[in-house]
Each structure stands twice: as C-alpha cells, then as structure tokens.
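Chains as they are written, first to last, in my numbering: chain W, 75 to 897; chain C, 515 to 622.
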Amino acid sequence: MKDLWRRLWFLLNRSRFERELREEMEAHRAMKGELGPPFGNILRLRDEAVDAWGWRWLERFLQDLRFACRLLWRAPAFTLTAVAVLSLGVGVNLAAFQVFDRLALSMRPVPNPETLVRLYRRSPRSTTTTFSYPAFDYYRQHRSRLSSAMALMRTSVAVGDAEDRRVDARFVTGNYFAEMGARPLVGRLLDPADERGDAPPVAVISEDLWRSALGGDERALSRPLRVNGRPFEVVGVVPRTFVGLDESAPSLWVPVSHHGAAFPGSTLRSDWSGGAVDFYARVPADIPIAAMEAELRATVDALRVERPDQVFDGEWLEIRGAGRLVSLDEAAPAFALIGALVGLVLVAACMNLGLLVLARTLVRDREFAIRLAVGATRSRLVRQLLTEHLLLGLLGAAVGCLVAMPAAAAVFRLTGSSPSLTPQFNYLTAVIATLLAVLSSIVFGFAPVWQTLRPVSERRLRMRSVLLAAQVTTAIALLVVSGLLVRGVTRIVRVPLGFEYQQTLVADPGLANHGVSDAAEDYWRRAESRIRQQAGIQNSALSSLAPLGNRVTVNRERTVFYDVTPSYFDTLRIAVLRGRIFDAGEPGVAVISQGLANRRWPGEDALGKTYDGDTIVGVVSDARTVRLNEGAATEYYRPIQPKDMPGAVLIVRVEGAPQRFTNGIRATLQAEDPRLTPEVFALQDALATKLAGPRQAAQLVSLLGACALLLAVTGFGGMVAFTVSERLKEIGIRLALGAHPRHVLGAVLRQFRTPVLLGTVAGSLLATAAGLVLAQELYGVSSVDPIAHVGAFVLLATGASLAAIPSVRRALRVDPVQTLRHE
Amino acid sequence: MPETGVPPGTLVMLVLRVLQGGPLHGYAMAQRIHTLSSDVLQIEEGSLYPALQRILIHGWAKAEWGISETNRRVRFYKLTPAGRSQLAAQIADYERTNAAIQTVLRTA
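Here's what the structure looks like:
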C-alpha cells in the first residue's frame with residue numbers, strides 16, 4: 075500500500091524527479107568520465123530508470139488519448155455522426171431501462187415496501203382481485219399476524235358546485251396515508267380517526283386539483299368542497315410527489331366509511347355480495363408468505379362457518395408482494411418485448427457505427443501503413459485504436475445519458491403516469507450506459523479496423539455484408555412492428571365495430587352505488603320516457619353491460635352475456651338477421667349473434683335451439699361492444715329482468731353531435747332522484763380513451779422504427795459512397811471504354827443485393843414473431859399483415875435509394891483522365 | 515580476471531549491502547562494489563539507476579542531496595529500517611539458494 079503512495083508521489087512530482095535524476099546521472103558521468111567507457115545516451119537511460127516507477131502504461135495511454143482526441147477533433151463529421159449514432163442507440167435503451175427500473179425494479183417510495191402485500195380471493199377455478207367491504211372488514215378484525223390492513227376502492231365522482239367535473243377518486247381506510255409515509259402539502263392527511271362512523275365527512279385532494287380548481291389558495295380549503303353534490307370538508311392537500319398503491323394519479327381521497335356521504339343510500343358497508351375494494355396489508359418480514367397464507371386459511375374457514383354463501387368453494391387468500399409498482403412476473407412479456415425492440419435499435423446503431431468506421435478505413439489504411447513502416451508495432455496500433463474507440467464510447471455514453479433522461483420523462487408523461495414517477499439517474503444507469511456504449515464502440519467500431527490490419531480484402535467485404543444485412547434486418551423488423559401497431563389502431567377506428575358508436579351516449583346514474591334496488595325498475599321507466607321526449611333523441615335502451623365498459627360477464631366459451639331491453643338492437647343499429655327480437659321481460663328466450671350461431675351450430679339453423687336454458691328466437695349481426703380485440707368473443711342477449719335494473723346503464727342514440735346532449739340527459743336522470751350524480755359520456759370519446767394505450771404504443775414504436783430507418787438509410791448511403799470512392803478509378807475506366815452507365819452501376823451495386831435480401835427476410839421473420847406476442851397484448855393487432863411488411867420494405871428501399879443518389883451521380887460524372895492522374 | 519556484470523537479481527542486494535556502511539551516492543556505490551569485488555563486478559549505469567528507482571519506490575532507501583568529496587552536488591542514498599530488513603531477507607535468500615547450487619555442483 076505504501077508502495078502505491080510512493081508511486082503516486084513520483085507520478086505527481088514527475089518533472090521534478092526526472093530533472094533530479096538527470097542531474098544525478100550527469101554528475102555520475104562527469105565523475106566517471108576520465109575512467110570508464112562512455113555513459114551512453116543519458117535520456118534513454120533516464121527513461122529506463124523512470125520505468126521502475128511503473129507508470130509507463132499510463133503514459134502510453136495518455137499519449138494515445140491525446141492522439142485519439144486530435145484525430146477525432148480533426149474529423150468532426152465522423153466524430154459527430156459516430157457519437158450521434160451511439161448515443162441514439164444507447165439513449166433509447168437507457169430510456170427503456172429507466173422506465174423498467176422505476177416500474178419494476180425500484181421499490182415504491184413508501185416505508186418498508188418489502189413487507190407490503192396485496193391479497194386476492196382464490197379458488198380452484200378463479201382469481202378475484204377485489205373483496206366486498208364487509209369481507210375486508212372481517213379479515214381486518216381477524217387478521218392474525220397480518221398487519222396494517224388497507225382497503226382501496228377506485229371510483230370516479232363529480233366535484234364542484236356545477237357537478238360537471240368528474241375526477242378519479244379513491245375511498246381508502248384511515249391508515250392509508252400513514253402507511254404510505256405521505257406528508258401533507260397543506261393541512262393534514264386522513265387518519266384512522268376519520269374512519270369512525272360518527273366523524274364528519276372529510277376528504278383530501280391532490281395538489282393538481284387544489285391548484286386547478288381552488289387556485290392553490292389555502293383559504294379556499296375552509297369552504298366545503300362538493301363531492302357528488304354533498305359538502306365535504308377538505309382537510310389537506312396531497313403533494314404531487316405522493317406515490318400510493320396505484321400508478322395513476324387520483325384527485326381525491328375519502329375515508330371508505332364516508333362512501334355513503336358521497337353516494338347517499340350506499341350499501342357498500344353492508345353488502346357482502348359486492349366486490350369493490352382492493353385489499354392491501356403488510357406481512358412482517360420474519361413471516362414467510364406461505365406461512366401467512368396458511369394462517370389465513372383458518373380465518374377463511376371461520377368466515378365460511380358464519381356466512382357459508384359468501385365464501386367460494388375451496389376459497390383461500392393468496393398473498394402477492396406489492397412493494398413494486400409492477401410485479402416482474404406480470405410485466406415480463408411486455409418488458410421482454412420492449413427490451414427486444416429497443417435492443418434492435420442498439421443493434422442498428424452498432425451496425426451503422428461499423429459501416430462508418432469501415433468507410434473511414436479508406437482514409438486510415440494509408441496512415442496505418444505509414445505508421446507500420448516507420449516502426450510502430452501492430453500491438454501499439456491496436457492499443458491506439460482501442461483508445462480511440464474507448465473515447466468514442468465514453469462520449470456516446472455521456473450524450474446517451476443526456477438524451478435518455480428527458481426521453482424517459484416524456485414516456486412517463488405520455489402514458490399519463492403519476493407525476494411522482496420521474497426517471498432517476500443512478501449509478502446503475504451510468505454503468506449500463508458506459509458498458510453499452512463502450513462495448514458497442516469497441517466491438518463494432520474496432521472489429522472492422524482489425525480486419526484492415528491484416529491485409530485480406532475479402533474478409534473486409536464479408537464484414538461489410540454482415541453489417542449491412544444486420545442493419546437491414548433491424549430496420550425492417552422495427553418498421554414492420556410499428557406498422558402492425560399503427561394499422562391495428564387504425565383498423566379499430568375504421569372497420570365497423572358492428573354497432574353505432576358515433577351517435578350514441580351512455581348514461582350511468584350508478585343506482586347500485588346508492589343502494590337503489592327494488593325501485594330501480596320504476597326509476598328507469600320514468601327516466602327513460604322523459605329522455606325519449608326530448609328533441610333530437612332517436613332511441614334508447616337499457617343494458618347490463620355498458621358498451622366499451624370494463625365490466626363484462628363471460629363464460630368459458632368466451633360468450634359475453636348481455637341483459638337488454640328490446641330496443642337495444644335498434645338503438646345501436648344491430649341488424650336482425652333471422653327470427654325476431656324478444657319482448658320486454660319475455661321469459662326463457664334469447665337472441666344470439668351470428669358469430670355464436672356459426673360456432674355453436676355450424677351449418678345449422680340456430681332458431682329454436684336451446685342454450686343455457688333459453689330458447690333462441692333470433693339471430694343478429696355481430697356487435698362487439700366489449701372485448702374489442704378478442705376475435706373469439708360472441709354475444710348472447712337475454713331480456714333484462716328487474717333484478718338487473720340497479721346495475722343497468724342507459725344507451726341513447728341522438729341526432730347530431732352527441733356531446734351536446736350530455737348535460738340534458740344528466741339533468742333528467744338526476745331530476746328523478748336528486749341523490750344521484752349520473753355519469754354521461756359519448757361513446758366516440760370513450761373509444762378514443764380506450765384506444766389511447768395502443769395508440770401511444772404505436773407512436774412510441776413508430777419512433778423506434780424511425781430511428782432504425784434513419785440509421786439504416788444513412789448506413790446504406792455511407793456504404794454506397796464508400797464503395798463508389800473505392801472503385802472510382804475502375805468506374806472511370808469502364809465508362810471511358812464505352813460501358814453503359816447502367817451496367818457499371820449494376821456491377822458496383824451488385825454486392826449489396828444478397829445482404830439486403832437476407833436482411834429483409836430475417837427482419838420480416840423477426841417482426842412476425844414479435845407480432846404474435848403483440849396480438850395477445852393489444853387491440854386489433856395481427857401478426858401477419860402483408861401491408862405492414864411491404865410498407866416497411868418500400869419505406870426502406872425508398873430511403874436507401876435517396877441516400878445512394880449523391881454517390882451514384884458522383885460515380886457517373888467521373889472523369890477517367892482525372893481519376894488516373896489523381897492516383 | 516576479466517570484469518563482469520553482476521548476476522541477475524543481486525544488484526539490489528549489493529547496493530543495499532554497501533549502503534549499510536553509510537550513505538553513498540550512485541557513483542560511489544558503483545566504485546565500492548567494483549573495488550570490494552577485486553575489480554570483478556562492473557556496475558552498468560543503465561542498470562544501477564533503474565535499481566535505485568526501485569529501491570526508492572519500495573522505500574528501502576531515502577535520497578538526499580549533498581556535496582560529494584569532489585565538490586559536486588550529488589544525491590546520497592541512506593538505508594531505511596525497511597531497507598535493513600529487506601537486505602537481511604535477501605541475503606538469507608541468496609545464501610540458501612547459493613548453498614543449494616553449491617551442493618548440486620559438488621555432488622552431481
């Protein structure tokens with residue numbers, strides 16, 4: 075250790091020690107001068123002595139580095155392009171890593187995230203994610219060693235005096251904010267005392283809502299805030315940085331015990347059959363999950379004794395860790411796909427870099443030859459090149475980091491994540507950036523040059539072809555995948571969904587939320603007849619499933635069950651193909667869709683057959699109002715019964731822009747029961763929201779595709795330019811001898827044919843594989859889409875041709891005499 | 515007897531040994547070794563100064579500027595305690611190796 079310090083001391087005082095050594099040796103020479111043989115070159119001897127300090131490698135490295143800096147500085151076009159290409163490849167990957175890191179690797183920023191769990195109701199046949207509130211409360215009181223039981227209910231409410239502003243709200247247990255380690259921006263947050271039955275209704279609001287609705291004024295908090303028209307005392311403001319148990323950003327939190335205050339008549343707290351709350355808790359670190367699950371089985375069995383009808387056969391509670399925003403298992407396929415796509419961009423960048431460096435060897439070949447000739451060793455040249463690419467890689471890593479952070483932030487913003495989710499630059503990011511950039515730079519920038527150091531020209535040619543083929547592969551693959559996504563999204567919009575969604579609205583008064591049950595039928599009769607009297611209303615119907623909604627009842631054959639009034643089919647313009655439509659409330663009959671008839675009774679007449687105990691009286695055209703992306707889904711309609719009325723929604727078809735009718739319909743529905751705060755929306759708006767996810771995915775992947783296209787096109791252009799300059803003399807002579815320009819060009823460009831073809835095929839195959847995964851994850855995407863494949867090829871071919879034009883023109887304009895003289 | 519260089523690996527030991535008698539400068543060391551070996555061992559400057567640098571790096575000796583007997587500014591090297599123990603270790607090593615070699619030479 076001391077040795078190292080002395081070495082460093084020598085290094086730091088290097089010039090003084092060198093001077094002293096020289097002085098000392100000169101003295102030695104003077105004293106010896108008369109007697110012995112000559113001393114030899116004092117400088118060389120001194121350098122040899124200095125070697126003993128052990129810093130020679132550093133000196134060489136610094137020398138190489140200085141030289142590399144000078145070289146890169148002198149070739150600014152090459153340096154800028156290479157760094158841009160590298161940082162693009164690295165930056166895209168870093169951005170993806172940031173997103174992955176924040177979502178799946180980092181723990182939630184809450185106290186003891188590793189003990190946080192979520193509970194699920196499991197039975198041998200099913201998994202249910204939510205609990206009824208009474209069931210949650212039962213488990214909370216009989217929780218054994220499970221601690222900090224938390225309930226979270228997601229819903230939306232109307233806020234403000236006009237009740238026209240709907241916001242995302244959460245009904246939570248009083249311990250929620252304390253468990254999340256949150257601190258208020260203003261006032262206080264909810265605590266367990268707020269959950270008591272006799273406590274006044276209170277709420278806390280998000281910083282965003284506070285600023286937008288109340289102007290960020292602290293005094294405004296003293297006035298009550300109307301939630302669904304009912305006054306709530308706002309006790310505090312939650313800062314933007316708050317991270318709760320879901321990744322979206324709600325605007326309002328209310329103690330779950332005050333559900334009835336926002337939804338008068340609510341049966342949430344007494345209804346065992348509803349499934350409304352997410353159940354989170356903590357498992358102490360010293361208890362294994364399996365042991366905890368075993369303990370809870372006993373609790374479930376105890377509940378079964380008390381309430382046999384409220385526990386599934388063979389039910390148990392499954393515990394899954396909730397310390398991360400996204401569990402790694404659930405998100406693995408999506409992340410793997412994203413990783414593959416961004417990886418392709420990096421590959422494209424590496425290939426491009428390889429081609430760039432290769433093209434540059436045209437200039438450097440001579441330099442290498444001269445340096446070898448004046449006595450440089452090959453290993454010294456290799457070291458020099460390594461240093462150069464190390465420098466390039468470091469530059470690429472630095473710029474890549476600069477690019478990646480805003481890119482990741484933009485992804486979070488674009489996908490509407492909670493504002494607390496921001497990319498964080500950490501050492502892991504820096505390490506990954508450096509590794510990726512330096513490895514890419516050295517492997518792909520250095521390998522081609524390595525070939526030039528051994529003068530076998532065919533090798534270089536093969537290398538060139540491999541780089542080109544790989545470049546084409548990545549570009550085609552990314553372009554096809556983005557094509558698949560873009561076309562998937564547009565197909566949903568263009569292809570008729572089988573029902574009228576441009577002119578229809580959905581109105582949901584939320585009767586069930588307010589505990590309306592027997593009165594629901596009467597309510598609907600009155601409300602619907604009043605709405606039908608209004609001008610511009612063409613037809614209306616009741617349905618148990620809201621079109622484009624999230625609620626759905628499906629059996630194992632993927633048949634979707636609808637309970638509707640007879641006017642449903644006319645309202646949504648679903649054609650009756652055979653038979654008739656049932657009458658209102660007609661028992662024991664059903665109408666099915668064409669798709670279900672064909673699957674269940676292929677080649678037979680479905681009329682008169684029975685299904686699920688009902689006689690089929692009619693067949694209608696396919697109308698996928700839920701499960702848009704699922705090809706196998708089919709529809710089954712039964713007359714709506716009084717028991718379905720509380721959960722029903724009203725569908726209204728209108729003339730003209732549907733948005734104009736929302737306020738009128740809401741007012742009518744509320745006039746019938748002033749406690750309600752109905753939600754009314756146009757189907758076309760809901761469709762746009764539903765497509766936002768796939769659309770964003772398509773945009774992001776298109777961006778990746780554009781990057782790959784740019785890289786491939788510039789790479790190809792550079793390659794052609796390189797080839798043309800390499801063979802300029804030959805082209806000139808051929809042209810002078812009277813060869814047809816087309817033939818000459820053909821001969822020059824022929825070498826690109828095989829790599830481009832191979833790359834295209836490989837890219838298409840890769841894209842098809844990715845498409846198979848995508849088709850399962852996203853609406854309307856199909857893996858085999860000839861237009862996407864052909865489109866990608868045409869795009870690439872056009873780009874590549876444009877990039878090659880300048881070089882080709884240069885080749886054709888070449889003057890043979892001048893070329894020869896130039897040599 | 516012809517003059518020869520020192521056997522490989524022993525130069526540092528010889529330098530440390532002559533320094534045991536007191537601080538010396540480079541030229542004096544070479545002279546001392548040359549004389550003590552009855553003019554057999556000839557120290558090349560090309561190997562003496564790298565060896566001295568190594569000795570300094572390892573902390574076996576300290577260098578100080580002074581005035582030589584011929585009135586020149588020269589650097590005197592002075593043995594440190596670390597250098598003393600290093601010398602003892604090297605001599606022990608050397609003697610063991612030497613004895614072994616001798617045994618082989620006599621009996622083989």
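Backbone N, C-alpha and C define an ideal beta-carbon position, used for all residues, glycine too.
Since the model is a prediction, treat every value here as computed from it, not as a measurement.
For the C-beta of Thr584(C), the chain W residues within less than 7 angstroms are, from N- to C-terminus, Met105. With respect to chain C, the C-beta atom of Arg80(W) has a partner C-beta closer than 7 angstroms.
For Pro564(C), the neighbours in chain W by C-beta distance under 7 angstroms run, in chain order, Glu122, Ala123, Asp125, Ala126. A distance below 8 angstroms between beta-carbons, with the five flanking residues on each side excluded, links Trp147(W) to the following residues of its chain, in chain order: Thr153. At a Cβ-Cβ threshold of 7 angstroms, Val822(W) and Arg801(W) count as neighbours. Residue nearest to Arg81(W) within the set Gly792(W), Arg120(W), Gly128(W) is Gly128(W) (criterion: CA-CA distance). For Leu119(W), the neighbours in chain C by C-beta distance under 8 angstroms run, in chain order, Glu559, Gly560, Tyr563.
Beta-bridge pairing by DSSP links Asp688(W) to Tyr685(W).
Measuring C-alpha to C-alpha distances from Thr842(W) to each of Arg300(W), Asp859(W), Thr435(W) identifies Asp859(W) as the nearest. Chain order gives no chain W residues near Ile581(C), where near means a beta carbon separation below 8 angstroms; the closest approach is about 11 angstroms. Within the DSSP bridge table, the entry for Asn613(W) names Arg727(W) as partners. Ser515(W) and Ala396(W) have their C-alpha atoms spaced approximately 40 angstroms apart.
Where Tyr636(W) is concerned, the enclosing beta strand (DSSP E) starts and stops at 633 to 638. For Gly535(C), no alpha helix (DSSP H) run applies, since DSSP gives it neither H nor E. According to DSSP, Tyr354(W) shares a beta bridge with Arg192(W), Met224(W).
When DSSP reads this structure, Pro748(W) sits in no beta bridge, so it has no partner.
Taking C-alpha positions only, Ser325(W) is separated from Asn426(W) by approximately 47 angstroms. It is roughly 20 angstroms from the alpha-carbon of Ile605(C) to the alpha-carbon of Thr549(C). Approximately 11 angstroms separates the beta-carbon atoms of His333(W) and Ser344(W); this is outside 8 angstroms, ruling out the contact. Straight-line measurement puts the Cα of Ala504(W) at about 19 angstroms from the Cα of Cys424(W). A direct Cα-Cα distance of roughly 51 angstroms separates Ile615(C) from Phe141(W).
Within the model, the alpha-carbon separation for Asp403(W) versus Leu177(W) is close to 12 angstroms. Contact annotation: Leu429(W) and Gly789(W) have beta-carbon atoms nearer than 7 angstroms. Closest by C-alpha distance to Ser641(W), out of Val634(W), Gly791(W), Ala658(W), Leu651(W), is Ala658(W). In the structure shown, Met254(W) falls within a coil segment according to DSSP collapsed to helix, strand and coil. With fewer than 16 other Cβ atoms from the protein chains shown falling within 10 Å of its own Cβ, Glu660(W) counts as exposed. Chain order gives the chain C residues near Lys76(W) as Gly573, where near means a beta carbon separation below 7 angstroms. In the pairwise beta carbon analysis, the segment 369 to 389 of chain W is classified as not touching the segment 230 to 240 of chain W: fewer than three pairs are separated by under 8 angstroms. The contact set of Tyr541(C) on chain W, defined by CB atoms closer than 8 angstroms, consists of Ala101, His102, Met105, Lys106 in chain order. Remark: C-beta atoms of Gly597(C) and Trp574(C) approach each other more closely than 7 angstroms.
Setting aside the 5 residues that flank it on each side, Ala649(W) is surrounded in the same chain by Ser695, each with a C-beta closer than 6 angstroms to its C-beta; the list follows chain order. Glu441(W) has a beta carbon lying at 7 angstroms or more from every beta carbon in chain C. In chain order, Ala577, Trp579, Arg589 make up the part of chain C whose C-beta sits under 9 angstroms from the C-beta of Glu94(W). For Ser776(W), the enclosing alpha helix (DSSP H) begins and ends at 757 to 800.
Asp272(W) is not a Cβ neighbour of Gly248(W), given a cutoff of 7 angstroms. Within 7 angstroms of the CB of Glu133(W), no CB atom of chain C is found; the nearest one sits about 15 angstroms away.
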